[in-house]
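Read the structure below first, then the notes.
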Amino acid sequence: MEQLELGNITIDVELKDIKNIHLSVYPPNGKVKIAAPERMDLDTIRVFAINKLKWIKKQQAIFNSQARETPREYLSKESHYFKGKRYLLEVIEHAHQSKVELNHSTIKLYIKSNSTVEKRKEVLENWHREQLKEMIVPLILKWEKKIGVKASAIGIRKMRTKWGSCNTETKRIWLNLELAKKPVECLEYIIVHELVHLLERSHNEVFVNYMNQLMPKWRFYREELNKLPFSHVEWKY
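Quick note, our numbering runs 68 ahead of the 1-based positions in the sequence shown.
Okay, here's the thing in structure tokens:
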């Protein structure tokens, strides 16, 4: 692993058997990594990085300003979120199948005694996943009709750096599991954003015009989403 220094920014460089150069900036602290073809020399990579310096700093500023939750222990009275609202977790030990129930101010986690933190996390994440699936269906149907596109599949997964993604060739959309914790309006914005990519692949003026027409307040929802705390993740690069 090579390294480049651009002012106070350190860039890890990995030479790989690939055709194109790839630049990534990772949360939570804006770590920068470049994957480049094995034949490419460091001077060429440095010029590429210098040309991308403004974008790198912008991404680092976004990550540094974004709040992060402290690590969750999945204990009673711990704060957890659903649809943008804060709930207190109530852990209830019982001998039956694990389940989650929601009331006006509490998320009740029914779990077997002596369960591990990992098991409690798994049960709550599975519940968030099922809730998100239910929220997605009517929103997808609504916006596919309005936009005039059709996604081939909608999936949910944990995503470290994105709220959503769209493969424009397969027309498959992925949504971040974290969206279950955010306001429904923010989820809807991400769905519209990804569906619009089926009309326009790039984030260019055409894309922005589509967003302005379909969802005039999309910038507000984007800002709200990026101000909300993101879950704690142990990052490995």
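Each residue gets a CB set at the ideal place from its N, CA and C atoms; glycine is no exception.
Neighbour-count burial assignment, residue i, 16 or more Cβ in a 10 Å radius
i: residue 219; result: buried
i: residue 123; result: exposed
i: residue 244; result: buried
i: residue 256; result: buried
i: residue 70; result: exposed
i: residue 230; result: exposed
i: residue 157; result: buried
i: residue 191; result: buried
i: residue 216; result: exposed
i: residue 249; result: buried
i: residue 223; result: exposed
i: residue 81; result: buried
i: residue 173; result: exposed
i: residue 164; result: exposed
i: residue 198; result: exposed
i: residue 90; result: exposed
i: residue 73; result: exposed
i: residue 200; result: buried
i: residue 209; result: exposed
Cβ distance (whole Å) where residue i is taken to contact residue j below 8 Å
i: residue 189; j: residue 142; result: 6 Å
i: residue 234; j: residue 289; result: 17 Å between Cβ atoms; not a contact.
i: residue 150; j: residue 113; result: Rounded, the Cβ-Cβ distance is 44 Å, inconsistent with contact.
i: residue 154; j: residue 147; result: 5 Å
i: residue 214; j: residue 282; result: 7 Å
Inter-residue spacing [alpha-carbon to alpha-carbon] between residue i and residue j
i: residue 241; j: residue 128; result: 26 Å
i: residue 303; j: residue 279; result: With a pLDDT of only 37 at residue 303, under the threshold of 50, the placement of this residue in the model should not be trusted; the figure read from the coordinates follows. Distance between the alpha carbons of residue 303 and residue 279: 32 Å.
i: residue 19; j: residue 178; result: It is not possible to answer for residue 19, since the shown part of the chain is limited to 69 through 305.
i: residue 94; j: residue 294; result: 15 Å
i: residue 166; j: residue 270; result: 43 Å
i: residue 306; j: residue 276; result: Nothing about residue 306 can be reported from this structure: the residues present for the chain run from 69 to 305 only.
i: residue 86; j: residue 169; result: 48 Å
i: residue 101; j: residue 261; result: 26 Å
i: residue 106; j: residue 186; result: 40 Å
i: residue 121; j: residue 272; result: 20 Å
i: residue 300; j: residue 265; result: Any reading at residue 300 needs caution, since the residue's pLDDT is 44, under 50, leaving its predicted position unreliable; the model's value is listed next. Straight-line Cα distance between these residues: approximately 29 Å.
i: residue 291; j: residue 252; result: 14 Å
i: residue 263; j: residue 211; result: 8 Å
i: residue 131; j: residue 159; result: 32 Å
i: residue 75; j: residue 104; result: 21 Å
i: residue 83; j: residue 181; result: 49 Å
i: residue 226; j: residue 196; result: 12 Å
i: residue 238; j: residue 118; result: 34 Å
i: residue 111; j: residue 259; result: 41 Å
i: residue 108; j: residue 92; result: 17 Å
i: residue 286; j: residue 194; result: 29 Å
i: residue 171; j: residue 138; result: 24 Å
i: residue 184; j: residue 140; result: 12 Å
Beta bridge counterpart(s) of residue i as assigned by DSSP
i: residue 158; result: 176
i: residue 147; result: 156
i: residue 105; result: 84
i: residue 242; result: 223, 233
i: residue 318; result: Examination of residue 318 is not possible in this model, given that the chain is present from 69 through 305 alone.
i: residue 270; result: For residue 270, which the question treats as bridged, DSSP gives no partner whatsoever.
i: residue 170; result: 175
i: residue 92; result: 101
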